[in-house]
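Novice: The listed protein sequences correspond, in order, to chains F and E.
Each residue of the first sequence is one higher than the last, beginning at 593 in the working numbering.
Each residue of the second sequence is one higher than the last, beginning at 24 in the working numbering.
Here a beta-carbon is modelled for each residue, glycine too, at the ideal position from N, C-alpha and C.
Let me give you the structure first, and then I'll get to my questions.
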Amino acid sequence: MKALKVISIIFVFMFAALFLCFAGGGKEKPAPAPAVEEKAKPADAVYVNEWVFPSSNIITGVSAYHGMLNEFGADMAIEEINRAGGIRGVPIRVRWYDEGTQDSARAVASMSEMLDKKPLLVMGPCSDVSVRAAVPLAVEEGVYSMCTLAGYPMAREFTPMTLSFVANDRDQSRAAVYKWVEIVPGMKKVVHFTAPQSGTWMSIAEAENSALQDHGIEFVDIAVPYDTVNYGPIAVRALGENPDGMIFTSHPEGIAKIIVELHKRGWTDNSKLLLSQAAPVPELWQIGKGYLDGCYVWMWFDPNSDNPRWQKLSMRHEESFGAPASFMMVWKGYDELYLIKKCFEDLKITGDPAKRKEEMIAIKNYMNNCSFDSIFGPVKIVDGVRQNPTLLFTIENNRLGEKLVVPLDIAM
Amino acid sequence: MSLGLYYYLQLTALFIMLGWNLYWVYRIGQLNNAPIAIMAIGAYLSAYAVLKWGWPFPLAFAFAVICGTVFALIPALALGRAPAFSMVIATIALIFIMQTLFRNLPWFGGSLGLFGIPRIKSLLWITYGFLIFFGIIIYRFDHSRFGRAADVVFEDRDVAGTLGVNFYLFSVCLQVMTGLIGAVVGVLYAFTIRTVIPVYFGFPFLLAITTFIFVGGYTTMWGVVVFTPILWGIPLILPENLAVFRNFIYGALLMGTLILRSEGVIDRRFLKQLSMNVRLIFKKLLQTKEVRG
């Protein structure tokens, strides 16, 4: 027993020592500020000698994979921007703060920590839970949040203090359903797999249902909990409704498993399956391999884009993760940093603490209505919402294949 | 006070109270997670009363706490005799039931929840007032005949029964009391975060509190008090690159503690030793004073 205790102590200390050695934890460099201003320095000269952008990210918990992708894209942008001379001649760095997975207390703690550093803006938070819990703090402090994954209901709630890359998903999802119904005519009843855990997904599902209603199509919602172990009963329940088609607005793993179960139970016509925009991630392709061809997927960015910047990121992603990039977390941080770069250069942001208040307001006003060169090409931001197209893809050979560009006004 | 420090102090106090909830019922060998579900009731009802009915905070607070406490009676009556393991499973299920319920009740905002809860001045003082109040109650309980009865029940229910301890009644009373604390914590949490959505009241809480209590020590109320600020503060204390290993550190600490000190770092033996040492130091100090005099 004594030997076991000794071994256990050695084991715990060894792990602690290993982490201390390899995690490379160093204290953050103090916020740089020259003590004496040079006399000849112009008023709009950069005050800091490094731009440090705080970013709330999902670093721990079951969704840590998302946070890893976020860092992956941001790292590439940092590398490119710094190689090209940084922002206004000053190098950039992102300091990551962990918001946890669906952990409101952690999200608030990390946001308050970020705000204590008196930033000009914050990148993130990422998840619904964190946006809901932490963004009110930033709003109160007058700090603009680039919570770019915030969906329509949340972006609307915190406007004009937030930027969303996805908040016109309501119009997009309606347009996608309109087009799908046009391509696959004659549907009378549709089963809709939803994710009640997510406010953003539920709002998309609601919009999709309203588009079905416009066509007089009956719909039945079936909730898909994140922690479902056996998807068979869900598939049986769906088939029991005798639907003509199905829409999937849920988590990718669940979508893939349900489609596999449907096929095992005799479903054949994949054109009558419409997958929502968050679906095409490696889990979908791996789990659903051989069962997905012919399905429709609506998205608002084109993972097959031939933009060289996207190609470069996608290639790196394939080298690191074994599949081309198709999930927005990969380029979220990348686009955020390029938008910051453009904003700071256009506004000649100095980072001077004495001008912080006015610069924060200027940043907010700029970011809410601007245009910038994203990883997919030029995009516009109107009232804090990125204006995205609706793209309807078909799945071919377990990959996104041919695409249709759907005008948003089709569902207006 | 900086924002970071404010939220650190506020959330630490709430976690300590939740930790005491777990500790209190575990005194009789039952691991009760129901207070997290009750916390959701407290949070939702108080938020709803303030936002939709326009009630002032004290009234909404009282209403939510009363409702939460009354609700706590339902699982308490059903689970009064349940063995430890059954109670863990049943009360975790209760957390999921509560989440599903709030998610599906449209007037509570569904999966989007309620938001725009107003800021309450002096919330930190109110929270620490409750922390001290509940701390005194639990301390008094531990040092009363009820505390001694709980010790016997923890060791052997049947023996406790022969000594005249009504286990069922004891369990129900403790569960209702922890329900009350859970409801209070729920209200305070809602007004701290100022939004409520169903997923707030789930596993992250359970995981954190379980770690705090089992690392700190589940045989005394002081383990949670000492270790919650340390463990919750890990990401704030450690450097950036190390702080992300928070969950690993929690896991390693939990594993190490369970192997090396199965009752947690601060157990009764430790407290006894500490109090003896403190007395000895005082005695020596007094002796030195007398000699000098």
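Could you tell me which chain F residues have their CB closer than 9 Å to the CB of V210(E), listed as they occur along the chain?
Specialist: None at all; the shortest Cβ gap to chain F is about 15 Å.
Novice: For the stretch 646-671 of chain F, enumerate the residues whose C-beta is nearer than 8 Å to any C-beta of chain E, in chain order.
Specialist: Answer set for the stretch 646-671 of chain F: I651, T652, G653.
Novice: Among L831(F), K710(F), G743(F), M738(F), which one has its Cα closest to the Cα of D720(F)?
Specialist: Selected option, being the one with the closest Cα: G743(F).
Novice: Compare the C-beta of Q878(F) against all C-beta atoms of chain E and say whether one is closer than 8 Å.
Specialist: Chain E, which has no Cβ nearer than 8 Å to the Cβ of Q878(F), makes this no.
Novice: Report buried or exposed for A183(E), applying the criterion of at least 16 other Cβ atoms within 10 angstroms of its Cβ.
Specialist: Result: buried.
Novice: Anything in chain F within Cβ reach of F86(E), meaning under 8 Å, just list it in chain order.
Specialist: Correct list: empty, because the minimum Cβ distance to chain F is about 23 Å.
Novice: Where I59(E) and L37(E) are concerned, what is the direct C-alpha to C-alpha distance, given to the nearest angstrom?
Specialist: Cα to Cα, I59(E) sits roughly 12 Å from L37(E).
Novice: Would a check of beta-carbon distances place N270(E) closer than 8 Å to chain F?
Specialist: For N270(E), the answer is yes, since a Cβ of chain F falls inside 8 Å of its Cβ.
Novice: Would you kindly work out how many angstroms separate the C-alpha atoms of T201(E) and E313(E), rounded to a whole number?
Specialist: Cα to Cα, the separation comes out at about 48 Å.
Novice: Does DSSP classify T820(F) as helix, strand or coil?
Specialist: Correct three-state label for T820(F): coil.
Novice: Under 8 Å between C-beta atoms, does E988(F) make it to chain E?
Specialist: No, because no Cβ of chain E sits closer than 8 Å to the Cβ of E988(F).
Novice: Just by C-beta distance, which residues in the stretch 783-815 of chain F are closer than 8 Å to chain E?
Specialist: Taking 8 Å as the Cβ-Cβ cut-off against chain E, the residues of the stretch 783-815 of chain F that qualify are P788, Q789, S790, G791, M794, S795.
Novice: Which of the three DSSP states is assigned to S298(E) in this structure?
Specialist: Helix at S298(E).
Novice: M706(F) by DSSP, collapsed to three states: which one?
Specialist: DSSP places M706(F) in helix when its eight states are reduced to three.
Novice: I need the straight-line Cα distance from C739(F) to R291(E), nearest angstrom please.
Specialist: Near 48 Å, if we compare the C-alpha coordinates of R291(E) and C739(F).
Novice: Within the continuous alpha helix (DSSP H) that includes M145(E), where are the two ends?
Specialist: Position check: residue 145(E) holds Ser in this sequence, whereas Met was assumed. Counting along the chain, S145(E) falls outside any alpha helix (DSSP H), and DSSP gives it neither H nor E.
Novice: What's the C-alpha gap between P817(F) and A116(E)?
Specialist: Looking at the two C-alpha atoms, the distance is approximately 14 Å.
Novice: Taking Cβ-Cβ distances shorter than 8 Å, what residues in chain F pair up with G170(E)?
Specialist: What G170(E) touches in chain F: nothing, since even the nearest Cβ is about 31 Å away.
Novice: Three-state secondary structure (DSSP) at Y31(E)?
Specialist: Looking at Y31(E) - three-state DSSP - the assignment turns out to be helix.
Novice: Say whether chain E places a C-beta atom closer than 8 Å to the C-beta of A742(F).
Specialist: Cβ-Cβ to chain E under 8 Å: no for A742(F).
Novice: P262(E): buried (16+ other C-beta within 10 angstroms of its C-beta) or exposed?
Specialist: Its Cβ having fewer than 16 others within 10 Å, P262(E) is exposed.
Novice: In chain order, what residues of the same chain have a beta carbon less than 7 Å from the beta carbon of F84(E), not counting five sequence neighbours either side?
Specialist: S69, V210, listed in sequence order.
Novice: Can you tell me which of the three DSSP states G659(F) falls into?
Specialist: G659(F): helix per DSSP, three-state reduction.
Novice: Between F125(E), F177(E), I216(E), which has its C-alpha nearest I143(E)'s C-alpha?
Specialist: If we check each option's Cα against that of I143(E), I216(E) comes out closest.
Novice: Restricting to runs no shorter than 3 residues, where is the beta strand (DSSP E) found entirely within the stretch 731-806 of chain F?
Specialist: Entirely contained in the stretch 731-806 of chain F, the beta strand (DSSP E) runs reaching 3 residues are, in chain order, 736-738, 781-786.
Novice: Give a yes or no on whether the minimum CB-CB distance between N284(E) and chain F is below 8 Å.
Specialist: Inspection of the sequence shows that residue 284(E) is occupied by Arg rather than by Asn. With 8 Å as the cut-off, R284(E) does not count as an interface residue toward chain F.
Novice: Please report how far the alpha carbon of P981(F) lies from the alpha carbon of V782(F), in whole angstroms.
Specialist: Looking at the two C-alpha atoms, the distance is approximately 25 Å.
Novice: Counting C-beta neighbours from all protein chains within 10 Å, is the total for R766(F) 16 or more, i.e. buried, or is it exposed?
Specialist: R766(F) should be labelled buried.
Novice: Quick one: which chain F residues come within Cβ less than 7 Å of R8(E)?
Specialist: Residue 8(E) lies beyond the range of chain E shown here (24 to 316); nothing can be said about it.
Novice: Decide if the stretch 745-758 of chain F is in contact with the stretch 830-841 of chain F; the criterion is three or more beta carbon pairs, one per stretch, under 8 Å apart.
Specialist: No: the two stretches stay apart, fewer than three of their Cβ pairs being nearer than 8 Å.
Novice: Do the CB positions of R1025(F) and V828(F) come within less than 8 Å of each other?
Specialist: With chain F running from 593 to 1004 in the structure shown, residue 1025(F) is simply not present.
Novice: Are the C-beta of Y151(E) and some C-beta of chain F separated by less than 8 Å?
Specialist: Not closer than 8 Å to any Cβ of chain F, the Cβ of Y151(E) fails to qualify, so no.
Novice: If the cut is a Cβ gap below 8 Å, which residues of chain E does V721(F) touch?
Specialist: Near V721(F) (Cβ distances below 8 Å), the residues of chain E are I220, V222, Y223.
Novice: Taking C-alpha atoms, which residue in E691(F), G976(F), A799(F), I850(F) lies nearest to A1003(F)?
Specialist: Minimum Cα distance to A1003(F) is reached at A799(F).
Novice: Runs of 4 residues minimum, wholly inside the stretch 150-178 of chain E: which ones carry the alpha helix (DSSP H) assignment?
Specialist: Counting only runs of 4 or more, we get 168-178.
Novice: Any idea what DSSP makes of F985(F), helix, strand or coil?
Specialist: Looking at F985(F) - three-state DSSP - the assignment turns out to be strand.
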